[in-house]
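Undergrad: After the structure tokens below, expect a handful of questions from me.
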Amino acid sequence: MKENSTRYVSGKKIEASMRGIVRSMAFVECPMQNTPNIKSMFIAGTNYGRLYILTLRFQTYERHMYIKAVDSTKEVQMNHKAPIINLKLIGLEYPSIFLSPFNECSNKITPFDHYLLCCTEEQIKLINLFNLKTKMKLNLTSTQGIRIKKLFIFNKNEGDPSKYSHYLVGYSCFGSVMVIGLNKLKTLRSFPFLNKEDILPINTISMTQDGCGILQNTSSELMLFTIKSSNVRSIPDQTEPQAQHK
4 MKENSTRYVS GKKIEASMRG IVRSMAFVEC PMQNTPNIKS MFIAGTNYGR LYILTLRFQT
64 YERHMYIKAV DSTKEVQMNH KAPIINLKLI GLEYPSIFLS PFNECSNKIT PFDHYLLCCT
124 EEQIKLINLF NLKTKMKLNL TSTQGIRIKK LFIFNKNEGD PSKYSHYLVG YSCFGSVMVI
184 GLNKLKTLRS FPFLNKEDIL PINTISMTQD GCGILQNTSS ELMLFTIKSS NVRSIPDQTE
244 PQAQHK
């Protein structure tokens, strides 16, 4: 899989001994390598931008499922070689997005309806595992000069309990928060949240899918915060959303 992008900043240097460290993992079920059959797979992303795709084969014994064999199916190396910080399988039936595609719309999924959301520190892209081609991508480091340290999916209710809009919330190395539209991979807003010198809070951030978060502010203090739905709703306007501290 080839990746064409222009770099305007130097790449992050990673020591050889650190390149094989696994940074993200995901279990997925989807068609793979030009076959319509749904396969169970384990995908791991490393500190050097490499994807390892393993196919899992199961057997049934006394009504229990056991892993019979693990086959190495594919390895994909990202050209920019940045750490892969998040992996997620999503279903895309434009403009709708399904975060658990085989649970919510299994009878609608075809080989070209599902994608692996692969997030590195420098780039976010949607990859079709059926043919290993990129559907869309968002370059962050080469165009904006920032690196994402943590990234989460944030859902906003549209009034109907069954309808949600999905966004990516990324925390950069400069302490800023980026709100990214998931349907078109477009940066919608960016605003300051933490000091870039505060490495501990950035590295310890965790969030729920409804926008509530927690981080370790100091060695003995935890901080709760939220990204309000009303702020996300104003994204198309000029008003910038603000993280609300508790």
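Under the numbering used here, think of the first position of the sequence shown as 4, with each following residue one higher.
We put the CB at the ideal spot given by N, CA and C, even for glycine.
Tell me which same chain residues have a C-beta within less than 6 angstroms of the C-beta of residue 220, skipping the five on either side of it?
TA: Counting only Cβ-Cβ distances below 6 angstroms, and skipping sequence neighbours, we find 204, 226.
Undergrad: In the DSSP assignment, find the unbroken alpha helix (DSSP H) run with residue 146 in it and report its ends.
TA: Residues 144-147.
Undergrad: Just grab the DSSP bridge partners of residue 74 for me.
TA: In the DSSP output, where bridge partners are listed per residue, residue 74 has 58.
Undergrad: Hey, how far is the Cα of residue 33 from the Cα of residue 59?
TA: Taking the straight line joining both Cα atoms gives about 12 angstroms.
Undergrad: Out of curiosity, what's the CA-to-CA distance linking residue 47 and residue 207?
TA: Their Cα atoms are separated by approximately 21 angstroms.
Undergrad: Which one or two residues does DSSP pair with residue 29 in a beta bridge?
TA: Paired residues: 46.
Undergrad: With DSSP as the reference, please indicate the residues paired to residue 219 in a beta bridge.
TA: Bridge partners of residue 219: 225.
Undergrad: Tell me the DSSP bridge mates of residue 141?
TA: Bridge partners of residue 141: 127.
Undergrad: What are the boundary residues of the alpha helix (DSSP H) that residue 203 is part of?
TA: Counting along the chain, the alpha helix (DSSP H) containing residue 203 begins and ends at 202-207.
Undergrad: Can you give me the start and stop residues for the beta strand (DSSP E) that residue 82 sits inside?
TA: It is not in any beta strand (DSSP E) - residue 82 carries neither H nor E in the DSSP assignment.
Undergrad: Flag this pair as touching only if the segment 173-193 and the segment 139-157 have three or more C-beta atom pairs under 8 angstroms; answer yes or no.
TA: Because the criterion of three Cβ pairs below 8 angstroms is met, the segment 173-193 and the segment 139-157 touch.
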